[in-house]
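Engineer: Residue numbers (the working numbering), protein chains in the order written: chain A, 3 to 210; chain B, 3 to 210; chain C, 3 to 210.
C-beta atoms are modelled at their ideal positions from N, C-alpha and C, and glycine is treated no differently.
This is the structure, below, for whatever I ask next.
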Amino acid sequence: MTPQIEAWVIGASIAGVAAQGAAAVLEAGRRSFDLMGVLVVALAASLGGGSLRDMLLDRPVFWIADQRYLLAAIVAALVTFCVARIWRLPVRLFVIADAFGLALFTVAGAQAAIASQAPWLVVSLMGVMTGAAGGLVRDVLCNQTPLIMLSGELYASASWLGALLLVAVHEAGFGPDVASMTGGLTVLGLRLGAMRYHWHLPVFSARE
Amino acid sequence: MTPQIEAWVIGASIAGVAAQGAAAVLEAGRRSFDLMGVLVVALAASLGGGSLRDMLLDRPVFWIADQRYLLAAIVAALVTFCVARIWRLPVRLFVIADAFGLALFTVAGAQAAIASQAPWLVVSLMGVMTGAAGGLVRDVLCNQTPLIMLSGELYASASWLGALLLVAVHEAGFGPDVASMTGGLTVLGLRLGAMRYHWHLPVFSARE
Amino acid sequence: MTPQIEAWVIGASIAGVAAQGAAAVLEAGRRSFDLMGVLVVALAASLGGGSLRDMLLDRPVFWIADQRYLLAAIVAALVTFCVARIWRLPVRLFVIADAFGLALFTVAGAQAAIASQAPWLVVSLMGVMTGAAGGLVRDVLCNQTPLIMLSGELYASASWLGALLLVAVHEAGFGPDVASMTGGLTVLGLRLGAMRYHWHLPVFSARE
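Now the structure itself:
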């Protein structure tokens, strides 16, 4: 990557962390959390997935190596906490920002796993984990069944399909830019399409 | 260990991961999870305990170093997902397979901790964690109080007693084969006996 | 630190771990946990925060490097389990011991992060995590919304303010003793004051 592209990717990632932190504050809004509780949920949601990925791959944890991610998540959560008390925020905007974040983090997670020489299936799972595990941690802390596991529109599955495609393109010998664009656009297209046309996976029902 | 025994142990471990993944799918069956939710529960249940152990001991995470474990868990979950919609699966079979898995993972976890030079009490705890923490993570994700903490038949406690015996035999100077057999058979015997004769631990009740 | 002070700090930390383990047993008392379930909650509460800190900072996990912490937590939990069935224990005593533990662990966590060359905001967060994340894990395992996130008296926020002050004093060039005393006394003062005068943070309420 050229330095310009790298700077752009870091900037986009910081914006993605901020968006996930702000979205988590709004989702936590229906509970009687105090300011600290809201911050805990926002940090868990925005940094949890990448932290788990980095600990599993034994890499330096991203927000410890560069605390701008942490700062962005805290500021975004505090601003949302204050603004949401005064104005009614457009939830739809956050949901669309979250779709971009999902695509971005899926690509970032898969590329980090490729850089750690992980095998292909692990690479794809690290993509999903980076994109979707933050929401899992957030819901566990809020004491509710994680939304991404319940039947609904594609979310983690969109992330996984994109990550698998990214690995396939990478294994086929294409460069990281082509693989990242293919994977990222797949995640974004599947997620936005699922929101628009209510695409979903089969629901499990065991024979009693 | 001779290469033949090592190959056998790896094969048994992969089978154990697959059994835990399949059992988790059946346990998740009463909830309205979609295919991805079922996969998440299966992966957390079958890989969660060993992942926690490896991160705590700062060893390479087992399913990242060898993705056959991951593949086995995914395939077992997918097959169970499909088959359980058509036939009524014998839950009893899975419960017995799970008892073997508990014994196997307890031994594997304790031996991994011994290889990392961990002190004796830590070794025994790593045995329990590898055997039983996956079920803990599974229940947390399903938003229910972990079964292994509620009063019931011996489970984590069977694993801990076996692991403590394994450490004692190891500290007494016996080889890894004797220690592993002693510990593993203890876990298996206690767990199967508890299921048959309803052995349980005292229940906690604080004086009000 | 002189060897005498170091020995005192280790002794205080072990006592703190034991206090948190005992307190967790009493909090778990209203549920039908068995002996093993009570132990799991006690270990998660007393060792969870520090374990997470050490894994995130990629340091040796404290209770694996020195199993006296683990032993203290287990013994404290077992003794409380037995004693609480016979006598009604003064919960107030544990709550005050817990405030001292919170201050101690906040300082220990922040100093560990400073030793790992972490940037200032990360240092402050590691202080909070060490002090307060154990309670978070305990409540998640008990399947209830974490107490520290609900509106109530200052707890994690007292820890964070103390940790931020510790970092500020450290960055201003003062030695570790001055920084630790300032931060620790701030946490203790805020927590005891919050319990006495019911100080609390603003509660979140999004505009519908």
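Determine whether the Cβ of F107 of chain C lies closer than 7 Å to any Cβ atom of chain A.
Structural biologist: Translated into positions along the third sequence, residue 107 of chain C becomes position 105. Not an interface residue.
Engineer: Got a sec? Which residues, its chain only, sit under 8 Å from V130 of chain A by beta carbon, not counting five neighbours each side?
Structural biologist: Position 128 of the first sequence holds residue 130 of chain A. Result list for V130 of chain A: T108, G111, A158, S161, W162 and A165, in chain order.
Engineer: Compare the C-beta of M38 of chain C with all C-beta atoms of chain B and state if any pair is closer than 7 Å.
Structural biologist: As a working note, residue 38 of chain C is residue 36 in the third sequence. Interface residue, yes.
Engineer: Applying the criterion that 16 or more other CB atoms from any shown protein chain within 10 Å of the CB defines a buried residue, is H200 of chain A buried or exposed?
Structural biologist: Here residue 200 of chain A corresponds to residue number 198 of the first sequence, with the count starting at 1. H200 of chain A is exposed by the Cβ-count criterion.
Engineer: Residues of the stretch 47 to 75 of chain A in Cβ contact with chain C at a cutoff of 8 Å, in chain order, please.
Structural biologist: Taking 8 Å as the Cβ-Cβ cut-off against chain C, the residues of the stretch 47 to 75 of chain A that qualify are S53, M57, D60, P62, V63, W65, I66, Q69, L72 and L73.
Engineer: Mind pulling the chain C residues with CB within less than 9 Å of H200 of chain B?
Structural biologist: By 1-based counting over the second sequence, the position of residue 200 of chain B is 198. Here the premise fails: no neighbours, minimum Cβ distance about 13 Å.
Engineer: How many angstroms separate the CA atom of V139 of chain B from the CA atom of A174 of chain C?
Structural biologist: Along the second sequence, read from residue 1 onward, the residue named residue 139 of chain B stands at position 137. Along the third sequence, read from residue 1 onward, the residue named residue 174 of chain C stands at position 172. Roughly 43 Å between the two C-alpha positions.
Engineer: Give a yes or no on whether the C-beta atoms belonging to A120 of chain A and I66 of chain B are separated by under 7 Å.
Structural biologist: Reading the first sequence from its first residue, position 118 is the one you call residue 120 of chain A. Reading the second sequence from its first residue, position 64 is the one you call residue 66 of chain B. Result yes, Cβ atoms of A120 of chain A and I66 of chain B sit closer than 7 Å.
Engineer: For S34 of chain C and chain B, any beta-carbon pair shorter than 7 Å?
Structural biologist: Position 32 of the third sequence, counted from the start, is the residue given in the question as residue 34 of chain C. Chain B contact via Cβ: present.
Engineer: Say whether the stretch 76 to 87 of chain B touches the stretch 20 to 28 of chain B, bearing in mind that this needs 3 or more beta-carbon pairs closer than 8 Å, one atom from each stretch.
Structural biologist: Cβ pair count under 8 Å is three or more, so yes.
Engineer: Does chain C have any CB closer than 7 Å to the CB of V142 of chain A?
Structural biologist: Position 140 of the first sequence, counting from 1, holds the residue named residue 142 of chain A. Yes, contact with chain C.
Engineer: Taking the straight line between their C-alpha atoms, what separation do you get for V63 of chain A and L59 of chain C?
Structural biologist: In the first sequence, the residue the question calls residue 63 of chain A occupies position 61. In the third sequence, the residue the question calls residue 59 of chain C occupies position 57. For V63 of chain A and L59 of chain C, the distance between alpha carbons rounds to 8 Å.
Engineer: Short of 6 Å in beta carbon distance, which residues of its chain neighbour L41 of chain C, apart from the five on each side in sequence? Order them along the chain.
Structural biologist: Stepping through the third sequence from its first residue, residue 41 of chain C is reached at position 39. Correct list, in chain order: A79.
Engineer: DSSP state of L152 of chain B, grouped into three classes?
Structural biologist: Walking along the second sequence from the start, residue 152 of chain B turns up at place 150. Here L152 of chain B sits in strand by DSSP.
Engineer: Do you know whose CA, among C:R70, C:T147 and C:G51, lies nearest L104 of chain C's CA?
Structural biologist: The count along the third sequence starts at 1 and reaches residue 104 of chain C at position 102. Checking every option, the nearest Cα to that of L104 of chain C belongs to C:G51.
Engineer: Assuming C84 of chain B is part of the alpha helix (DSSP H), what are its boundary residues?
Structural biologist: Taking the first residue of the second sequence as 1, we reach residue 84 of chain B at position 82. Unbroken alpha helix (DSSP H) run through C84 of chain B: R70 to I88.
Engineer: For the alpha helix (DSSP H) that contains V205 of chain B, what are its first and last residues?
Structural biologist: As a working note, residue 205 of chain B is residue 203 in the second sequence. Run containing V205 of chain B: none; DSSP gives neither H nor E here.
Engineer: Should V125 of chain C and A115 of chain C be called a contact, given that it needs their Cβ atoms to be closer than 7 Å?
Structural biologist: For this step, residue 125 of chain C is matched to residue 123 along the third sequence. For this step, residue 115 of chain C is matched to residue 113 along the third sequence. Yes, Cβ-Cβ distance for V125 of chain C and A115 of chain C is below 7 Å.
Engineer: Please identify, using Cβ separations under 9 Å, the residues of the stretch 156 to 174 of chain B that lie next to chain C, in order along the chain.
Structural biologist: Those residues of the stretch 156 to 174 of chain B that come within reach of chain C (Cβ to Cβ, closer than 9 Å) are L156, Y157, A158, S159 and W162.
Engineer: What separation, rounded to the nearest whole angstrom, lies between the Cα atoms of A30 of chain B and L37 of chain B?
Structural biologist: Along the second sequence, read from residue 1 onward, the residue named residue 30 of chain B stands at position 28. Along the second sequence, read from residue 1 onward, the residue named residue 37 of chain B stands at position 35. Distance between the alpha carbons of A30 of chain B and L37 of chain B is about 11 Å.
Engineer: Under the rule that 16 or more other beta-carbon atoms within 10 Å means buried, what is G186 of chain C, buried or exposed?
Structural biologist: Here the question's residue 186 of chain C lines up with position 184 in the third sequence. G186 of chain C comes out buried.
Engineer: List the residues of chain B whose Cβ lies closer than 9 Å to the Cβ of V77 of chain C, in chain order.
Structural biologist: Taking the first residue of the third sequence as position 1, residue 77 of chain C is located at position 75. Neighbours of V77 of chain C on chain B: none; closest Cβ ~11 Å, over 9 Å.
Engineer: Would you please state the rounded distance, in angstroms, between the beta carbons of I16 of chain A and A99 of chain A? I believe it to be under 8 Å.
Structural biologist: Translated into the one-based positions of the first sequence, residue 16 of chain A becomes position 14. Translated into the one-based positions of the first sequence, residue 99 of chain A becomes position 97. Actually they are not in contact, since the Cβ atoms of I16 of chain A and A99 of chain A sit about 13 Å apart, beyond 8 Å.
Engineer: Could you have a look at F107 of chain C and say whether DSSP puts it in helix, strand or coil?
Structural biologist: Counting from 1 along the third sequence, the entry for residue 107 of chain C is found at position 105. Three-state result, F107 of chain C: helix.
Engineer: I'd like to check one pair, A47 of chain A with L106 of chain A: are the Cβ atoms closer than 7 Å?
Structural biologist: Indexing the first sequence from 1 puts residue 106 of chain A at position 104. Indexing the first sequence from 1 puts residue 47 of chain A at position 45. Against a cut-off of 7 Å, the Cβ pair of A47 of chain A and L106 of chain A comes out as no contact.
Engineer: What does V43 of chain A touch in chain C if you count any residue whose Cβ is under 9 Å from its own?
Structural biologist: Against the first sequence, residue 43 of chain A aligns to sequence position 41. Chain C residues near V43 of chain A: M151.
Engineer: Rounded to whole angstroms, what is the Cα-Cα separation between W89 of chain C and L28 of chain C?
Structural biologist: For the purposes of this step, residue 89 of chain C is identified with residue 87 of the third sequence, where counting begins at 1. For the purposes of this step, residue 28 of chain C is identified with residue 26 of the third sequence, where counting begins at 1. Cα to Cα, W89 of chain C sits roughly 12 Å from L28 of chain C.
Engineer: From the DSSP output, read off the bridge partner residues of F35 of chain A.
Structural biologist: Walking along the first sequence from the start, residue 35 of chain A turns up at place 33. Answer by DSSP bridge pairing, in chain order: C:L152.
Engineer: Following the continuous alpha helix (DSSP H) through G191 of chain B, name the residue where it begins and the one where it ends.
Structural biologist: Walking along the second sequence from the start, residue 191 of chain B turns up at place 189. Counting along the chain, the alpha helix (DSSP H) containing G191 of chain B begins and ends at P178 to Y199.
Engineer: Give the interface partners of A83 of chain B over in chain A, defined as CB-CB distance under 7 Å, in chain order.
Structural biologist: For the purposes of this step, residue 83 of chain B is identified with residue 81 of the second sequence, where counting begins at 1. Before going further, note that residue 83 of chain B is Phe rather than Ala in the sequence given. Within 7 Å Cβ-Cβ: F206.
Engineer: Just checking: is the beta-carbon of A101 of chain A within a distance shorter than 7 Å of some beta-carbon in chain B?
Structural biologist: In the first sequence, the residue the question calls residue 101 of chain A occupies position 99. Closer than 7 Å: no.
Engineer: What are the boundary residues of the alpha helix (DSSP H) that includes L91 of chain B?
Structural biologist: In the second sequence, counting from the first residue as 1, residue 91 of chain B sits at position 89. No alpha helix (DSSP H) holds L91 of chain B; DSSP gives it neither H nor E.
Engineer: At which residues does the alpha helix (DSSP H) containing D141 of chain B begin and terminate?
Structural biologist: Within the second sequence, the letter at position 139 stands for residue 141 of chain B. Note, D141 of chain B: alpha helix (DSSP H), W122 to L143.
Engineer: The alpha helix (DSSP H) with P62 of chain C in it runs from where to where?
Structural biologist: Here residue 62 of chain C refers to the residue found at position 60 when the third sequence is read from its first residue. Where P62 of chain C is concerned, there is no enclosing alpha helix (DSSP H), given that its DSSP letter is neither H nor E.
Engineer: Determine whether the Cβ of T2 of chain A lies closer than 7 Å to any Cβ atom of chain B.
Structural biologist: Given a span of 3 to 210 for chain A in the structure shown, any question on residue 2 of chain A remains unanswerable.
Engineer: Label R87 of chain A either buried or exposed according to how many other C-beta atoms from any shown protein chain fall within 10 Å of its C-beta, with 16 as the threshold for buried.
Structural biologist: Taking the first sequence and counting its residues from 1, the one referred to as residue 87 of chain A is at position 85. It counts as exposed.
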